[in-house]
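Enquirer: This is the structure I want to talk about, given as structure tokens.
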Amino acid sequence: MELYSLSKIRKFIKEVEENPLKFWWETRKMIKWIVEPKDVAEGDPPKIKWYIGGKSNICWNAIDVNLDENKDKVAFYYMNENGFTKAITYWDLFYEVNRVSYLLKELGVKKGDTVSLLMPNIPEALYFALAIYRLGGIIAMHYLGLSPQTFAERLNDSGSKILVTASKGFRNGSEIRIKDYVDKVLSEYKTPVEKVIVVGRGFSDFNLVQNRDLLYEDIAPKGKIYVKPEEIESNDPVIIAYTSGTTGKPKGIYSSLAYIVASTWALKAVLGFREGEDVIWILSDLGWLTWGGNIHFIPQKRLTGVIFEGFIGYKRELFSRVIERFNVNLVWMPTTLLNMLKSLGEESVKAGDISSLRLILNTGEPLNPGTWQWLRENMPDVVIADSYWMTEYGFPIAATPFGLGEIPYKPGSAGLKFFGVKVVDDDGKPLPPNQKGYIVLSMLNPAMGRLWNDPDMERFIKIYTSRFPNYVYTGDYGFYDNDGYLYVLGRVDDIILAGGNRVGTMEIEGILVSNPDIAEAAVVGYNRNNNYRVAAFIVPKAGINISIDSVRNYLRDKGYSVDDIFIVRRLPKTKSAKIMRRLLRALLSNEPLGDISALDDINVLNELRAVINK
Ligand code: WTA
């Protein structure tokens, strides 16, 4: 890709917006096809179909096509919290993925079948995921730590007859007994699961249920084997990522082969990776769509990926040690983990030699200017880029597209507004720059996901396109400036009224975390006894005592105010490390908590109750 300046990138975005189909047709070249598509698209959104007649296979793209020149190249490094490492070459990947494919095929997995994965970040997760793709199957990803009921509902929704799991996992110094949990779920709930494949990981302290459970180490073919990759069609589903709504009903977002084409383009644009050269570390657990990057573009573009099992905050120096160990060039990680690095202090980025690192890409929540500043000061040679996505869209809504060129950083913004993104008013009328409104997306994008078990797209239309016809509604509130930079001010549900003005919660949080004593903050509006109030939850930096008054004064100096301030040890977060403001609001207003399946650690609720009711 040619390197552009800001004005050239903006011109390019405008050209794509004027003729999106031309751009998407060119983009088909991002993957290799077994049968070339005849046409770019057919039909109208949201039911539009892409890359008509095209056929390919993701596993074949990832391994087979480049195997000859890459046999000895490392495809992935694995590392855990205790520094244990393993390298997997492209030949290893080919060998292992074929063995797993054979096994799954023997168990009856065929094109169009879903297979559920509940696994820690271990090499076998990659082998199984790629093997499912090899057979033309669909990966249904599940997070570790869901409530048994939620997991059972998702297994039912996905319709998987096969569940692949591991005996246990390791995180933050503790052991997670995954197989015991699976046994509990399958004995207490009715699910379609007929066979459970367990990766034993060298342990035997778990149960195997007769006629249901199979130990991977026992049943994997002993030697070399080849399974032919199945051709799938451009619009066939490939992966399902579950997101949690406010109700308990599972929302499985599926992406298709056409999504792989578009997201490969996008990742090249935002990361600026050098094909065949770079080492990339995606900090994501299996379950988040981001995890799919490991199998979607890293091997396809002959890169080397790093997977890390555990929690990088477990030891202060871990983050920089992983980079040092594998000469990582690019890191893609959630905003909340970047904030955590800042709260761990300099050592988190300085203990190990990180001179190989060129760029950190942030995703998940707005990157606050204070964290950005801290990262720049402590890693002056590393570019901090941003990208704003949502699972449903599978494509950047805004980004600092480092692969297209360098653009100036603007504090608080997620970067340039990408193709077809608009800010609209209550009536759906597009707004000019600098006016706050709802962020909406054009549906002319092959990366747009769909809902699983929603063949006529009725549910999709109800949830995403009924509020603003012709657009997909993000549920986010924000504005863009004269240069086309997009600012996310908060989720629309989280918008608060302050002095009669609509203010985004993330806006006030940004101010709060610019205070050097504050590690994290969450702001919510709530009703108590028919009074509308705004509350701020503050997590001080480790070892720092901060008073409610000093926070109040700090905000006042910047021209903001809130009604209540709570100093807490931590915030409620989802398993993908997003702050769950909705729960804070429910706790404050004494309302039902709703679906808490996404909550990472349920104990946080009692901690918060204790502080709120003090
Ligand atoms: C928010 C995560 C600001 C946004 C990839 C969006 C962001 C929601 C950013 C989607 C960012 C994500 N800056 N806000 N860089 N990235 N968001 O589906 O509110 O878990 O709608 O996908 O996260 O969350 P999801």
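Here the working numbering runs 3 ahead of the position in the sequence shown, where the first position is 1.
The C-beta atom is built at its ideal place from N, Cα and C for all residues, glycine as well.
Quick one: is Q213 buried, meaning 16 or more other Cβ sit within 10 Å of its Cβ, or exposed?
Expert: Your numbering for residue 213 matches position 210 in the sequence shown. The residue is exposed, with fewer than 16 neighbouring Cβ atoms inside 10 Å.
Enquirer: Please name the residue or residues paired with F79 in a DSSP beta bridge.
Expert: By one-based count along the sequence shown, residue 79 stands at place 76. In DSSP, F79 forms a bridge with I91, G308.
Enquirer: E425: buried (16+ other C-beta within 10 angstroms of its C-beta) or exposed?
Expert: Within the sequence shown, the letter at position 422 stands for residue 425. According to the sequence displayed, residue 425 carries Lys and not Glu. The residue in question, K425, is buried, as its Cβ has 16 or more Cβ neighbours within 10 Å.
Enquirer: What residue does the alpha helix (DSSP H) around L447 start on, and which one ends it?
Expert: Working through the sequence shown from its first residue, we reach residue 447 at position 444. Unbroken run through L447: none, as it is neither H nor E.
Enquirer: Whose C-alpha, out of K345, D186, I310, L586, is nearest the C-alpha of V201?
Expert: Sequence index remark: in the sequence shown, residue 201 carries index 198 (1-based). Residue D186 is the option with its Cα nearest to V201.
Enquirer: Taking only the alpha-carbon atoms, compute the straight-line gap between L138 and F329 and give it to the nearest angstrom.
Expert: By 1-based counting over the sequence shown, the position of residue 138 is 135. By 1-based counting over the sequence shown, the position of residue 329 is 326. Cα-Cα distance, rounded: 32 angstroms.
Enquirer: With DSSP collapsed to three states, give me the class of T394.
Expert: The residue you call residue 394 lines up with position 391 of the sequence shown. Coil.
Enquirer: By Cβ distance below 6 angstroms, which residues in the same chain neighbour W377 in space, the five residues on each side in sequence not counted?
Expert: The sequence position of residue 377 within the sequence shown is 374, counting from 1. For W377, where only same-chain residues beyond five positions count, the Cβ hits under 6 angstroms are K345.
Enquirer: In chain order, what residues of the same chain lie with their CB nearer than 6 angstroms to the CB of N69, ignoring the 5 residues before and after it?
Expert: Counted from its first residue, the sequence shown places residue 69 at position 66. Excluding sequence neighbours, N69 sits near R305.
Enquirer: Label K617 either buried or exposed according to how many other C-beta atoms from any shown protein chain fall within 10 Å of its C-beta, with 16 as the threshold for buried.
Expert: By 1-based counting over the sequence shown, the position of residue 617 is 614. Exposed.
Enquirer: Is the separation between the beta-carbon of P40 and that of S207 shorter than 8 angstroms?
Expert: Taking the first residue of the sequence shown as position 1, residue 40 is located at position 37. Taking the first residue of the sequence shown as position 1, residue 207 is located at position 204. Not a contact, by the Cβ cut-off of 8 angstroms.
Enquirer: With DSSP as the reference, label D208 as helix, strand or coil.
Expert: To locate residue 208, count along the sequence shown from 1; it is residue 205. Note: D208 maps to coil in three-state DSSP.
Enquirer: On a CA-only basis, which of L110, P543, I222, D567 is nearest Y535? Give me that one, please.
Expert: In the sequence shown, counting from the first residue as 1, residue 535 sits at position 532. Minimum Cα distance to Y535 is reached at D567.
Enquirer: State the Cα-Cα distance for the pair V506 and E29, rounded to the nearest angstrom.
Expert: One-based indexing of the sequence shown puts residue 506 at position 503. One-based indexing of the sequence shown puts residue 29 at position 26. The alpha-carbon atoms of V506 and E29 are separated by roughly 41 angstroms.
Enquirer: Can you determine whether any heavy atom of ligand 1 sits closer than 7 angstroms to the C-beta of W392, and answer yes or no?
Expert: What you label residue 392 is simply residue 389 of the sequence shown in a count that begins at 1. Yes, since a heavy atom of ligand 1 falls inside the 7 angstroms radius drawn around the Cβ of W392.
Enquirer: Sort out for me which residues DSSP pairs I243 with in a bridge.
Expert: In the sequence shown, the residue the question calls residue 243 occupies position 240. Answer is A143, Y257, bridged to I243.
Enquirer: Between A196 and L121, what straight-line distance do the alpha-carbon atoms span, to the nearest angstrom?
Expert: On the sequence shown, position 193 is the one that residue 196 refers to. On the sequence shown, position 118 is the one that residue 121 refers to. Per the sequence shown, residue 196 should be read as Val rather than Ala. Computed Cα separation, rounded: 13 angstroms.
Enquirer: Ordered along the chain, which non-local residues of its own chain (more than five positions away) have a Cβ less than 7 angstroms from that of E618?
Expert: Lying outside 4 to 617, the shown extent of the chain, residue 618 is not represented and no answer is given.
Enquirer: Taking all protein chains shown into account, decide if L24 is buried (16 or more other Cβ within 10 angstroms of its Cβ) or exposed.
Expert: Numbered from 1 along the sequence shown, position 21 holds the residue referred to as residue 24. Classification for L24: exposed.
Enquirer: By DSSP's criteria, L558 is part of a beta bridge. Which residues make up the other side?
Expert: Stepping through the sequence shown from its first residue, residue 558 is reached at position 555. None; L558 has no bridge partner.
Enquirer: Between the Cα of R13 and those of S592, L360, A402, A450, spot the shortest distance and give me the residue it belongs to.
Expert: In the sequence shown, the residue the question calls residue 13 occupies position 10. Nearest of S592, L360, A402, A450 to R13, Cα basis: A402.
Enquirer: When you compare each of G423, G431, A388, F422 to P411 by their alpha carbons, which one comes out closest?
Expert: For the purposes of this step, residue 411 is identified with residue 408 of the sequence shown, where counting begins at 1. The shortest C-alpha separation from P411 is found at A388.
Enquirer: What residue range is occupied by the uninterrupted alpha helix (DSSP H) comprising I605?
Expert: Start at 1 with the first residue of the sequence shown, and residue 605 comes out as number 602. Run containing I605: none; DSSP gives neither H nor E here.
Enquirer: Look at the Cβ atom of Y93, then the Cβ atom of K76, and state whether they are nearer than 8 angstroms.
Expert: What you label residue 93 is simply residue 90 of the sequence shown in a count that begins at 1. What you label residue 76 is simply residue 73 of the sequence shown in a count that begins at 1. In contact: Y93 and K76 (Cβ atoms closer than 8 angstroms).
Enquirer: Would you say E368 touches ligand 1, meaning its beta carbon is less than 7 angstroms from a heavy atom?
Expert: Indexing the sequence shown from 1 puts residue 368 at position 365. True, at least one ligand heavy atom lies under 7 angstroms from that Cβ.
Enquirer: Tell me where the beta strand (DSSP E) around E178 begins and ends.
Expert: Taking the sequence shown and counting its residues from 1, the one referred to as residue 178 is at position 175. Unbroken beta strand (DSSP E) run through E178: 177-179.
Enquirer: Below 7 angstroms, is the gap between the Cβ of R494 and the nearest heavy atom of ligand 1?
Expert: Here residue 494 is taken as the residue at index 491 of the sequence shown, counted from 1. R494 Cβ: within cutoff of ligand 1.
Enquirer: Taking DSSP's pairing of strands, which residues face N534 in a bridge?
Expert: Taking the first residue of the sequence shown as position 1, residue 534 is located at position 531. N534 pairs with R531.
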